[in-house]
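Everything below concerns the one structure shown next.
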Amino acid sequence: MKCFVRTESVSKAEVLWCLQTVMGHTSLRNAANSASVFQVMFPDSAVARGMQMKSKISSFVVGFDESLNKIAQKQQMDVSLRFWNKETNQVGSRYITSVFLKHTTANDLLTGLKAGLDKLNLACILQLPMDDPNVNLKLQEGSCKRLKTRR
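Right under this line is the structure:
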């Protein structure tokens, strides 16, 4: 779960650095470059390592639902995204794809999600909601490992 949650101290440092950037009339690009320098200057600081002052790209929540496809007689996972639509000022939802699975174990779900989200920037995922608590923990553990390797 830690790979999805930002610590309060990192968020505080980012906000303070952003305020300093505004008050100093410098650019966000300069602030981002400075945050990268902090990581080199303070290699033992978890706060410096966690700071990201990049311009934010759209974030989204991944949704998935698996069920038996009666025609294909296979488990089918439908993958969708929810996001904030700036144009309509509302939450938007988009169907992405369907993936056929052999079974619905955590590993099968993770493999299906990886295939369904292959063309998306996984660093933009805000949340991965799930419904089965036993499968959730294993899926969460596996997705954290895969997300860390793709960032």
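Residue 131 in numbering that gives the first Met the number 0 sits at position 132 of the sequence shown; the count goes up by one each step and never skips.
The beta carbon of each residue, even a glycine, is placed where N, CA and C say it ideally should be.
Note that this is a predicted model, so its numbers are computed, not measured.
_Neighbourhood of S142 by C-beta distance below 8 Å, restricted to the same chain and skipping five residues each side_ = The count along the sequence shown starts at 1 and reaches residue 142 at position 143. Only L109, L112, L127 meet the Cβ criterion.
_Check for me: the beta strand (DSSP E) holding E65 runs from which residue to which?_
Along the sequence shown, one-based indexing puts residue 65 at 66. Counting along the chain, E65 sits inside the beta strand (DSSP E) bounded by residues 59 to 68.
_My output table needs one value for T110: the three-state DSSP class, helix, strand or coil._
One-based indexing of the sequence shown puts residue 110 at position 111. T110: helix per DSSP, three-state reduction.
*Between A45 and chain C, is there a C-beta pair that is closer than 8 Å?*
Here there is only one protein chain, and chain C is not present.
*Between F37 and M50, which are expected to be in contact by the criterion C-beta below 8 Å, what is the C-beta distance as a whole number of angstroms?*
Mapped onto the sequence shown, residue 37 falls at position 38. Mapped onto the sequence shown, residue 50 falls at position 51. Contact holds; Cβ gap of about 6 Å.
*Apart from the five residues on each side of it in sequence, which residues of its chain come closer than 6 Å, Cβ to Cβ, to I124?*
Here residue 124 refers to the residue found at position 125 when the sequence shown is read from its first residue. If you ignore the 5 residues before and after I124, its C-beta comes within less than 6 Å of the C-beta of V61, all in its own chain and listed in chain order.
*asked:* Please state the DSSP three-state secondary structure of M0.
replied: Mapped onto the sequence shown, residue 0 falls at position 1. For M0, the predicted structure reports a pLDDT of 41, less than 50, and the residue's modelled location is therefore unreliable. The matter cannot be settled from this model.
*Beta-carbon proximity list for R48, same chain, < 7 Å, skipping 5 on both sides*: Within the sequence shown, residue 48 is the residue found at index 49, counting from 1. Counting only Cβ-Cβ distances below 7 Å, and skipping sequence neighbours, we find Q38.
_T6, DSSP secondary structure in three states_ = In the sequence shown, counting from the first residue as 1, residue 6 sits at position 7. Three-state result, T6: coil.
*On a CA-only basis, which of S35, P42, N120, D43 is nearest Q80? Give me that one, please.*
Numbered from its first residue, the sequence shown carries residue 80 at position 81. Looking at the sequence provided, one finds Leu at residue 80 rather than Gln. Ranking the options by Cα distance to L80, first place goes to N120.
*Run through DSSP, which three-state label would K73 get?*
The residue you call residue 73 lines up with position 74 of the sequence shown. In the three-state scheme derived from DSSP, where H, G and I count as helix and E and B as strand, K73 is classed as strand.
*Hey, E13 and M52 are a contact pair by Cβ (cut 8 Å); roughly how many whole angstroms apart?*
For the purposes of this step, residue 13 is identified with residue 14 of the sequence shown, where counting begins at 1. For the purposes of this step, residue 52 is identified with residue 53 of the sequence shown, where counting begins at 1. Contact between E13 and M52 holds: CB atoms are separated by about 6 Å, below the 8 Å threshold.
*Excluding five sequence neighbours on each side, which residues of the same chain lie with their C-beta closer than 6 Å to the C-beta of T103?*
For the purposes of this step, residue 103 is identified with residue 104 of the sequence shown, where counting begins at 1. If we look at T103 and ignore the five residues flanking it on each side, its Cβ neighbours are E65, Q74.
*Compare the Cα-Cα distances from A170 to each of T96, F59, L67 and report the closest residue.*
Any question about residue 170 goes unanswered here, given that the chain covers just 0 to 150.
_Between which two residues does the alpha helix (DSSP H) holding L27 run?_
Along the sequence shown, one-based indexing puts residue 27 at 28. DSSP places L27 inside the alpha helix (DSSP H), whose first and last residues are 27 to 40.
*Roughly how many angstroms separate the alpha carbons of T25 and T87, rounded to a whole number?*
Residue numbering aside, residue 25 sits at position 26 when the sequence shown is read from its first letter. Residue numbering aside, residue 87 sits at position 88 when the sequence shown is read from its first letter. Computed Cα separation, rounded: 31 Å.
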